Amino acid sequence: MYKTSREHQGPERAGSACPGQQRPLQIQQPNLLKIQRPYLSETRSPAPPRLGPQVLDPKGIRGLRYVTPTGLPGHQGQIQYQPQGSPQGGIALGRGDHGPPLQSPAASQRRPLLRDLLQPEPAVPTAATAAGDRARRAPGAARCCLGQRQVQEEELASDPGFLTTMLCGLGGFSLLLGLASREQRLQRWTRPLSGLVWAALLALGLGFLFTGGVVSAWDQVPFFLFVIFTVYAMLPLGMRDAAAAGLASSLSHLLVLGLYLGPQPNSQPALLPQLAANAVLFLCGNVAGAYHKALMERALRATFREALSSLHSRRRLDTEKKHQEHLLLSILPAYLAREMKAEIMARLQAGQGSRPESTNNFHSLYVKRHQGVSVLYADIVGFTRLASECSPKELVLMLNELFGKFDQIAKEHECMRIKILGDCYYCVSGLPLSLPDHAINCVRMGLDMCRAIRKLRAATGVDINMRVGVHSGSVLCGVIGLQKWQYDVWSHDVTLANHMEASGVPGRVHITGATLALLAGAYAVEDAAMEHGDPYLRELGEPTYLVIDPRAEEDEKGTAGGLLSSLEGPKMRPSLLMTRYLESWGAAKPFAHLSHVESPVSTSTPLPEKALSSFSPQWSLDRSRTPRGLDDELDTGDAKFFQVIEQLNSQKQWKQSEDFNPLTLYFREKEMEKEYRLSALPAFKYYAACTFLVFFSNFIIQMLVTNRPPALTITYSITFLLFFLLLFVCFSEHLTKCVLKGPKMLHWLPTLSVLVATRPGLRVALGTATILLVFSMAITSLVFLPAASNCPFRAPNVSFTASNLSWELPGSLPLISVPYSVHCCVLGFLSCSLFLHMSFELKLLMLLLWLAACCSLFLHSHAWLSDCLIARLYLGALDSSLLRPGVLKEPKLMGAISFFIFFFTLLVLARQNEYYCRLDFLWKKKLRQEQEETETMENLTRLLLENVLPAHVAPQFIGQNRRNEDLYHQSYECVCVLFASVPDFKEFYSESSINHEGLECLRLLNEIIADFDELLSKPKFSGVEKIKTICSTYMAATGLNATSGQDAQQDAEQSCSHLGTMVEFAVALGSKLDVINKHSFNNFRLRVGLNHGPVVAGVIGAQKPQYDIWGNTVNVASRMESTGVLGKIQVTEETACALQSLGYTCYSRGIIKVKGKGQLCTYFLNTDLTRTGPPSATLG
3 MYKTSREHQG
13 PERAGSACPG
23 QQRPLQIQQP
33 NLLKIQRPYL
43 SETRSPAPPR
53 LGPQVLDPKG
63 IRGLRYVTPT
73 GLPGHQGQIQ
83 YQPQGSPQGG
93 IALGRGDHGP
103 PLQSPAASQR
113 RPLLRDLLQP
123 EPAVPTAATA
133 AGDRARRAPG
143 AARCCLGQRQ
153 VQEEELASDP
163 GFLTTMLCGL
173 GGFSLLLGLA
183 SREQRLQRWT
193 RPLSGLVWAA
203 LLALGLGFLF
213 TGGVVSAWDQ
223 VPFFLFVIFT
233 VYAMLPLGMR
243 DAAAAGLASS
253 LSHLLVLGLY
263 LGPQPNSQPA
273 LLPQLAANAV
283 LFLCGNVAGA
293 YHKALMERAL
303 RATFREALSS
313 LHSRRRLDTE
323 KKHQEHLLLS
333 ILPAYLAREM
343 KAEIMARLQA
353 GQGSRPESTN
363 NFHSLYVKRH
373 QGVSVLYADI
383 VGFTRLASEC
393 SPKELVLMLN
403 ELFGKFDQIA
413 KEHECMRIKI
423 LGDCYYCVSG
433 LPLSLPDHAI
443 NCVRMGLDMC
453 RAIRKLRAAT
463 GVDINMRVGV
473 HSGSVLCGVI
483 GLQKWQYDVW
493 SHDVTLANHM
503 EASGVPGRVH
513 ITGATLALLA
523 GAYAVEDAAM
533 EHGDPYLREL
543 GEPTYLVIDP
553 RAEEDEKGTA
563 GGLLSSLEGP
573 KMRPSLLMTR
583 YLESWGAAKP
593 FAHLSHVESP
603 VSTSTPLPEK
613 ALSSFSPQWS
623 LDRSRTPRGL
633 DDELDTGDAK
643 FFQVIEQLNS
653 QKQWKQSEDF
663 NPLTLYFREK
673 EMEKEYRLSA
683 LPAFKYYAAC
693 TFLVFFSNFI
703 IQMLVTNRPP
713 ALTITYSITF
723 LLFFLLLFVC
733 FSEHLTKCVL
743 KGPKMLHWLP
753 TLSVLVATRP
763 GLRVALGTAT
773 ILLVFSMAIT
783 SLVFLPAASN
793 CPFRAPNVSF
803 TASNLSWELP
813 GSLPLISVPY
823 SVHCCVLGFL
833 SCSLFLHMSF
843 ELKLLMLLLW
853 LAACCSLFLH
863 SHAWLSDCLI
873 ARLYLGALDS
883 SLLRPGVLKE
893 PKLMGAISFF
903 IFFFTLLVLA
913 RQNEYYCRLD
923 FLWKKKLRQE
933 QEETETMENL
943 TRLLLENVLP
953 AHVAPQFIGQ
963 NRRNEDLYHQ
973 SYECVCVLFA
983 SVPDFKEFYS
993 ESSINHEGLE
1003 CLRLLNEIIA
1013 DFDELLSKPK
1023 FSGVEKIKTI
1033 CSTYMAATGL
1043 NATSGQDAQQ
1053 DAEQSCSHLG
1063 TMVEFAVALG
1073 SKLDVINKHS
1083 FNNFRLRVGL
1093 NHGPVVAGVI
1103 GAQKPQYDIW
1113 GNTVNVASRM
1123 ESTGVLGKIQ
1133 VTEETACALQ
1143 SLGYTCYSRG
1153 IIKVKGKGQL
1163 CTYFLNTDLT
1173 RTGPPSATLG
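Numbering (this note's numbering), first residue to last: 3 to 1182.
Structure (structure tokens):
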């Protein structure tokens, strides 16, 4: 039934001979399988299903059965042939790679048998022999009956362990991914979870090495390369952990295969070059992964820092806005604050201190008319005498406590303080919102102020009192001028209220008939005695009244014999008694809200490393997983910090965003998108350098596994030159020092790297060319192969056996270079990921083209290379199975799988990198904008503060070292005080429908004050400090910017040199007024009073802080103006002497009566500013 002949050998290889036979048994079955092209085109009959140990009978083939392993190591099963009637004999072909077959011939017969099996076929069998061979059945024929497609299907179907492992691994990873992305608790364990993922991948890779066929040195190299790159680029591990995992993955593959394949018979090519090539691949993967991780961590840390800095800027911005709000509200009501803020912003944009361009020649006027308003004026009687006995600190403390108390009373009674004039306090009720009880509010406030002073007098024994005047009517309210804004009121009713205070009675509230009519009987009143009344009131002829305080008698009884006056009065100065008592009132300090600036992150200190190391882009950050103490270190107690960090989560790229398109990641603002694409990229040179590493790795690998043909060497030499030229261009800036020492014609070389970094078109071209070079050189070895039609394994009607197969293809290309060509192509995929800032669409295009090229090469045009390798490997191995390998051992299939895995992995990674690059750019841009806005707000705050305080005083309140309990006060020995008024304006001012009830008159006053303020911006008047304006009177001083005690160390002439500046400023004021007169057709004249001497400066008032100066010098300067002459500068005798020493000429006016000072000898200054050696007029 079977033909057994040594001479005739069919196209199939026979199995081992049965025991007891004298010669090998050749079994043929030509009709079942005809091999024309080995493993490529086969004609076969259906193979029987494998049913374990049952004896199968496929189409009359008897005696063939599949025997499952019997516990022997290395066996997966075997095909056993047992002839009929011979139960003990037979032929057994094991499927496993190791261990003896279950039934085998004697050892002395194995080598002749294998030699006969591997002999080349002498001729193609004829029809007769084929017909005769149909009756023969042998294990070789049975093996060939199992065709390629069926073999692969049966391998998958017969390996449930492999399928179970794959399905379980896929399900486990899917579950882990879902839990990690949704369950917040698992995010605390990022490091153990990452280690678990790495260990699972490593175990899976090691299992794949010994699954599916013959173990070779090139097995699963792409998978291990994927594991290595994953631990760097995808898992949230630190650099040390990632490097350890990457090196462990590399060494595990090398050591396992080295130890396993080293003792094996020399049936494969040399093992050492293959292991060296694997080592180069893994080294390249580790370096590329570490490079990618280092750059991404650096970028993410920078983004994280910028996010915190942005948060810090936001909070600073919020703080500055709050400060501005407080400052604006300390100067202006809320309804004017918005308009004034817009004015300041316009000034900042146009230039500091300058006035923005407008459509007319007038300055902006922020004045409105209000009706139904009550005005209160209050003056502390006897305070001037008390102030002369106080030290500077005591004076400022008393004023702050007194006026702070008055501010509290004003707040209780819905009144708003307008201004403090020395020891005079005036406020209004009914502004900015109309109040029906405005008159009652002012009267109550006046009574409470008198009551507070009575308690103070009773407790300290200091003879002071309060005089209050109230009138109701309409006012013009707002701000005039450009500097030292102060909310003020103007009208005839305001003037009347002022005279009501001046003509009042100490300790009483003096009201007009208009106010009395609005009280509606709420208080009892009595007629005021007008025998010694004010001339202004006498001229009006209106009756006035004094309000009777129902609590006056009770207060006198309750405060009689005060504690301080009875016990400590005789022992202490009145000023000290006042200070001790007023401290118990506890008035707030000025600008207390500026003393503590909230700051989440200090810009001067580095960010804690704990905060940076805890941040990972793959895991969303929530408060529960924040390291202990991070909140304390960063001082971010609010949810904004975590909201900002949550934006750094890579999952946000798929969600709707105000800044990004979730599909394309393009910025929604076209200008921002354009700016991003045109932004400079200094790190491009490092991208090119790492790509060169990939190229060099490909070169080393191909040199190790090929025979180094001359054409390949020449091609690589040319490519090396191109790469060196590219790297020279990118790193040319590092040669600046060397080039500058050389010829001038080479000085342009360092600019090449600058061009590459700043020109996006050039970068794209060079980056694309670099990647294409790596792509082309990865498959260069395949170019030198002969055409597929010339390969003998593709020739028709040619059979082959292992003896006519070699490990080299025509063209001297070893077969082992086939899998390493696949590996080089995988490195080509990695080269795309090294250009972090390359646009996603360009990366996608490059990856798609490379994927198509690789699949076309290894699955179509050069697929025969994989088949030749499999044919040689499995026919030439003594202990190998005679069947084809599984999917895991198929180079072309595993190559295609690797290509797709790397394609999708790098595609996801490229999108994530694109998201982070754009996010980094967005945060930088936001940070710049917020810093600019913060800087603008700080400048705005500074301007606002300088509108309240002098430039040298403002830092005392916004500095970090100022103590909140300190009150600013400063004493000066020589300060020149100026009062300049336009008395004619009182006669000019009128309220009629023609001038909008006085509004147009105030417009002219605004022009006068604004022109005066413009003089302050000139450099020569930088030492002049505007103090305030009182209606049409302008108050300024010089010498306030000197430090305390500085004047005492200088001689008198040098210490008073600023008097000349004040004189020139007064003359400039007159010149400005002349210009206004010319344009307004008026004849206003200036009246100026000057005096110099010691003063006390300080800041008082918590609700509306105000900088002011006090002292006898100020009072006398005011009297010099009020008693002066139009067009003249009146000075005291001491000031005249000081000005004469500076070269100015003065002439005596004579002795005049000055209120509160008696008889004084005053002088007029010659305003022609002629400086001669001896003065032209004598003093005396």
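Cβ atoms here follow ideal geometry from the backbone N, Cα and C, with glycine treated the same way.
Every value quoted in this text rests on a predicted model; they were computed, and no experiment measured them.
| said: Helix, strand or coil for T782? Go by DSSP, reduced to three states. | reply: Of the three classes helix, strand and coil, the one that applies to T782 here is helix, per DSSP.
| task | May I have the straight-line CA-CA distance separating N1186 from W587, to the nearest angstrom? | result | The chain is shown only over 3 to 1182; residue 1186 falls outside these bounds and no answer can be derived.
| Among T1035, F694, I420, I903, nearest to L1088 - alpha-carbon criterion | T1035
| task | Give the DSSP bridge partners of S376, in chain order. | result | The beta-bridge partner set that DSSP reports for S376 consists of S431, S474.
| query | Is DSSP giving P508 helix, strand or coil here? | reply | coil
| How about F990 and G1091: are their beta carbons less than 8 Å apart? | no
| Is it buried or exposed for C170, if we count other Cβ within 10 angstroms and need 16 for buried? | Counting the other CB atoms within 10 Å of its CB gives C170 a total below 16, which places it among the exposed residues.
| task | With DSSP as the reference, label E660 as helix, strand or coil. | result | coil
| request: Specify the secondary structure class of Q1142 as computed by DSSP and reduced to three states. | output: helix
| request: State the Cα-Cα distance for the pair D869 and T708, rounded to the nearest angstrom. | output: Rounded to whole angstroms, D869 and T708 show a C-alpha spacing of 19 Å.
| Between the Cα of V1097 and the Cα atoms of K926, E541, L274, C976, which residue gives the shortest distance? | C976
| query | Which two residues bound the contiguous alpha helix (DSSP H) that contains G260? | reply | Unbroken alpha helix (DSSP H) run through G260: 241 to 263.
| Spatial distance of T782 from L829 (CA atoms) | One C-alpha to the other measures close to 14 Å.
| request: Report the rounded CA-to-CA distance for C875 versus P893, giving the unit in angstroms. | output: The question names Cys, but residue 875 is Leu in the sequence shown. Near 12 Å, if we compare the C-alpha coordinates of P893 and L875.
| Are the beta-carbon atoms belonging to V776 and V696 less than 8 Å from one another? | yes
| query | Taking contact to mean at least 3 C-beta pairs separated by less than 8 Å, is the stretch 910 to 919 in contact with the stretch 824 to 844? | reply | By the criterion of at least three beta-carbon pairs nearer than 8 Å, the stretch 910 to 919 is in contact with the stretch 824 to 844.
| task | Assuming R670 contacts P762 (C-beta within less than 8 Å), just tell me the rounded distance between them. | result | Not confirmed; about 20 Å, so no contact.
| query | By how many angstroms is the C-alpha of K891 removed from the C-alpha of D221? | reply | When rounded, the distance between both Cα atoms is 7 Å.
| Closest to F904 by CA distance: which of C426, A281, G287, A246 is it? | Looking at the Cα atoms, G287 is the closest of the given residues.
| request: Can you have a look at P712 and say buried or exposed, based on whether 16 or more other CB atoms are within 10 angstroms of its CB? | output: So P712 counts as exposed.
| Which residue or residues does DSSP assign as beta-bridge partners of M468? | I382
| request: Consult DSSP for K672 and reduce its assignment to one of helix, strand or coil. | output: helix
| field | Pair within 8 Å by beta-carbon distance, Y974 and G1100 | value | no
| request: For E528, name the three-state secondary structure that DSSP assigns. | output: strand
| Backbone secondary structure at S973 - three-state DSSP | strand
| field | Identity of the residue in S476, D243, Q488 nearest T497 by Cα | value | S476
| said: So for Y1165, helix, strand or coil by DSSP? | reply: strand
| query | Would you say the stretch 1059 to 1071 touches the stretch 1027 to 1041, given that touching needs at least three Cβ pairs under 8 Å? | reply | yes
| Is the number of C-beta pairs between the stretch 190 to 203 and the stretch 227 to 247 that are closer than 8 Å three or more? | yes
| From T1164 to G509, what distance separates their C-alpha atoms? | Between T1164 and G509, the alpha-carbon positions lie close to 36 Å from each other.
| request: Answer with buried or exposed for M236, where buried requires no fewer than 16 other C-beta atoms within 10 angstroms of its C-beta. | output: buried
| What's the gap between the Cα of F1014 and the Cα of P684? | 53 Å
| request: Sort S858, K928, T760, E528 by Cα distance to M674 and report the nearest one. | output: K928
| In whole angstroms, what separates the C-alpha of L729 from that of K687? | Approximately 7 Å between the Cα atoms of the pair.
| Do you know whose CA, among Q704, A554, L401, lies nearest Q276's CA? | Q704
| Test item: CB-CB of Q1108 and M1122 under 8 Å | no
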